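Q: Here's a structure for you.
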Amino acid sequence: MSIRFFNTYSRALEEFQPRASASRKIDMYTCGPTVYSRAHIGNFRAYVFEDLLQRHLELRDYKVCRVMNVTDVDDKTIRGARAAKIPLAEFTAPFKQAFFEDIETLRIKRANEFPAATDRRYVDKMIAMIGTLVSRGLAYQADDKSVYYRINKFPGYGKLAHFDLTQLQSTGRVKNDEYDKEHVGDFALWKAWDEEDGDVKWDSPWGPGRPGWHIECSAMATAILGDQIDIHCGGVDNIFPHHEAEIAQTEGVTGKQFVRYWLHCAHLLVDGQKMSKSLGNFYTLPDLLERGYTGREIRYSLMRVHYRAPLNFTWEGMEEARQALARIDDWLERLHETVAGKIDPSKADKIDLQPGARFEEALDDDLNISAALGLLFESIRETNRALDRNELGAAAANAWLQWWERIDSVLVIQPEVASLPAAIAALAEARMQARLAKDWRKSDELRDELSARGWEARDTKDGQKVTRRAGA
RNA sequence: GGCGGGGUAGCCAAGUGGUAAGGUCGGGGUCUGCAAAACCUCUAUUCGCGGGUUCGAUUCCCGCCCCCGCCUCCA
């Protein structure tokens, strides 16, 4: 069965056919963070989705080259640097670092490249592209010295967002003080320097200034990946104007189709509402870590809803994620013990219960993660039942663990192996002695003590098991 | 007003023209010194509402309602 994705451009489910079918190489560009503050969990929902996408394509033997830009110059970063009275680069550096820490916490695979908008190489490329657009009449310098894209000259403008240009209305979200533009929809390619920008400026044929936001992605994508790429991702709010502008800029320069598949991730809501600082429902990764949730628990909770459906973030949802992961952890532990022969080495496989390919087939279908996880949990119940009945032996358990390794290359929710600290091992040993002596009171006290230290003691028919408590 | 996404059990959520996966929570049971885990079992005669097509619709068509987003620099 083929891989299918919902392409924003066509608003239809399409069979995935990358350009280089023989080499199985895929070029993927994903819009990254603007480093003016710490990224919030809504941002990370998109990045986790992109990670899932990349990892699933790799599971399907594609070689993915992914680029994620870092926007380190724009109105907000400049404003922040001015407010802090420090140079722009000094202002953005800690947010860049925080971003990389956060993606590591969420087990997001690092992109091959993280180009920065202020990199001289890319600024030059942006200036070159703008020059081409101007020479072709697709852009013009206005009286305010800024250079704008002449959207009426690009026939395809509006096709991604499915907007009719005559219907564009101002929401007043952006201050509309650009009276020099020919059309309200014309967007800035090059922003002329003004006093507010301080020393943030580059020389250009149009005078000192800085690049517009949209051109940076066009320049960095084509500089690193070439004129055409297979997949471009982002949040739904990037469809317009950002990605629409990228198409106009890039295709205006190259004359070739820029992107084959546009994939956009729906928003994350918090308690049914848009996240905002004024509502007090604005969370960053450190906020959740402080509440005791782990990176993989957050990853799971951000991943478990299909990317095109809105995801409502709640603490109840975090608890659910924790419990679901604990179920997986216990299952893995059981399989490992079965493989190691700890439970009963004489056991043979009595039933034919083998993993299948349905998990990855579910992901082939526009990353249907809910269906895929449903299959995982069904498999867990079936294998647990067989283990309960002593019908599943080491060979089958091993096959299931290998299957797990395969699907976890996409999910990446494997528990960390926590070794038993000496003090915990001593408590566990003491409790085992108490149980042998049938000193239940002491045994229960020791269990409580272990629990208080974040460890859980469970008595099985094969003896006591001590594991790290969920979330601890 | 234009353009999208969504409305399935307490909560999260998959899905199909033929009668509702899975997770989580809660009740009961097996096991256990007690727990835990696991397993068994119960919890939507029903899929936002109203029509239509059909032998049959949650699934297709029409109309309506609600939520969320975008409509010029927010993932």
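The first sequence begins at 435 in the numbering used here and counts up by one.
Ideal Cβ placement from N, Cα and C applies to all residues, glycine included.
What you are looking at is a predicted structure, and each value in this text was computed from that prediction instead of being measured.
1. Look at the Cβ atom of T718, then the Cβ atom of I475, and state whether they are nearer than 9 Å.
2. Does the Cβ-Cβ distance between K459 and Y496 come in under 9 Å?
3. Looking at the secondary structure, which residues open and close the beta strand (DSSP E) in which W624 lies?
4. Can you tell me whether DSSP reads R607 as helix, strand or coil?
5. Which residue marks the beginning of the alpha helix (DSSP H) containing C651, and which one marks its end?
6. Distance check for A755 and D893, CA to CA, integer angstroms please.
7. I'd like to know if the segment 692–701 and the segment 660–672 are in contact, where contact means that at least 3 CB-CB pairs between them fall below 8 Å.
8. Which two residues bound the contiguous alpha helix (DSSP H) that contains R840?
9. Could you tell me whether the segment 877–890 touches the segment 511–531, using the rule of 3 or more Cβ pairs below 8 Å?
10. State the Cα-Cα distance for the pair A891 and Q848, rounded to the nearest angstrom.
11. What does a CB cutoff of less than 6 Å around T552 pick up in its chain, not counting 5 residues either side in sequence?
12. Pick out whichever of C465, G632, R445 has its Cα sitting closest to the Cα of I676.
13. By the DSSP assignment, the alpha helix (DSSP H) with E538 in it spans what residues?
14. To which residues of the same chain is V608 closer than 7 Å at the C-beta, ignoring the five residues directly before and after it?
15. Taking all protein chains shown into account, do 16 or more other C-beta atoms lie within 10 angstroms of the C-beta of Q531, making it buried, or fewer, making it exposed?
16. Hey, how far is the Cα of R387 from the Cα of A473?
17. Count the C-beta pairs between the segment 478–486 and the segment 820–828 that are closer than 8 Å, then say yes if the count reaches three, no if not.
18. I need the DSSP call for G897, collapsed to helix, strand or coil.
19. In the structure shown, what three-state DSSP assignment does A755 receive?
20. Going by DSSP in three states, L809 sits in which element: helix, strand or coil?
21. Under a three-way DSSP split, which group does H666 fall into?
22. For Q488, which residues in the same chain have their Cβ closer than 7 Å to its Cβ, ignoring the five residues on either side in sequence?
23. Rounded to a whole number of angstroms, what is the C-alpha to C-alpha distance between E492 and R730?
24. Going by beta carbon distance, what residues of the same chain come within less than 6 Å of T728, once the five residues before and after it are set aside?
25. Tell me whether F725 sits in a helix, a strand or coil according to DSSP, three-state version.
26. For E449, which three-state DSSP category applies?
27. Over the uninterrupted alpha helix (DSSP H) stretch that includes Y574, give me the two end residues.
28. Could you check if E685 is buried or exposed, using at least 16 other CB atoms within 10 Å of its CB as the buried criterion?
29. Please confirm whether A653 and P645 have their CB atoms less than 9 Å apart.
30. Do you know whose CA, among A743, L766, P720, lies nearest D536's CA?
31. Could you tell me which of R733, H698, L745 sits nearest to D705, measuring between CA atoms?
32. With DSSP collapsed to three states, give me the class of Q707.
33. Can you check which of these residues, D800, L861, E879, is closest to E449 by C-alpha distance?
34. Between the C-alpha atoms of I841 and L797, what's the straight-line distance to the nearest angstrom?
35. For D633, which residues does DSSP report across the bridge?
36. Does the Cβ of W932 have 16 or more other Cβ atoms within 10 Å, making it buried, or fewer, making it exposed?
A: The structure says:
1. yes
2. yes
3. 622–626
4. Because R607 carries a pLDDT of 45, less than 50, the predicted location of this residue cannot be relied on, and no value is offered for it.
5. 647–659
6. 25 Å
7. yes
8. 828–845
9. no
10. 21 Å
11. D506, V507
12. It should be noted that the sequence gives His, not Ile, for residue 676. Taking only the C-alpha atoms, the option nearest H676 is C465.
13. 522–539
14. Model confidence at V608 stands at a pLDDT of 46, short of 50, so the residue's coordinates are unreliable; what they give is reported in the following sentence. Around V608: no qualifying Cβ.
15. exposed
16. The structure shown does not extend to residue 387, since the chain is modelled only from 435 through 906, so no value can be given for it.
17. no
18. strand
19. helix
20. helix
21. strand
22. M462, V498, R500, K543
23. 20 Å
24. none
25. Note that residue 725 is Arg in the sequence shown here, rather than Phe. DSSP places R725 in coil when its eight states are reduced to three.
26. strand
27. Taken as a continuous stretch (DSSP letters only), Y574 belongs to no alpha helix (DSSP H), being part of the beta strand (DSSP E) at 573–575.
28. buried
29. yes
30. P720
31. L745
32. strand
33. D800
34. 10 Å
35. Bridge partners of D633: none, in fact.
36. Because the chain in this structure spans residues 435 to 906, residue 932 falls outside the shown range and cannot be described.
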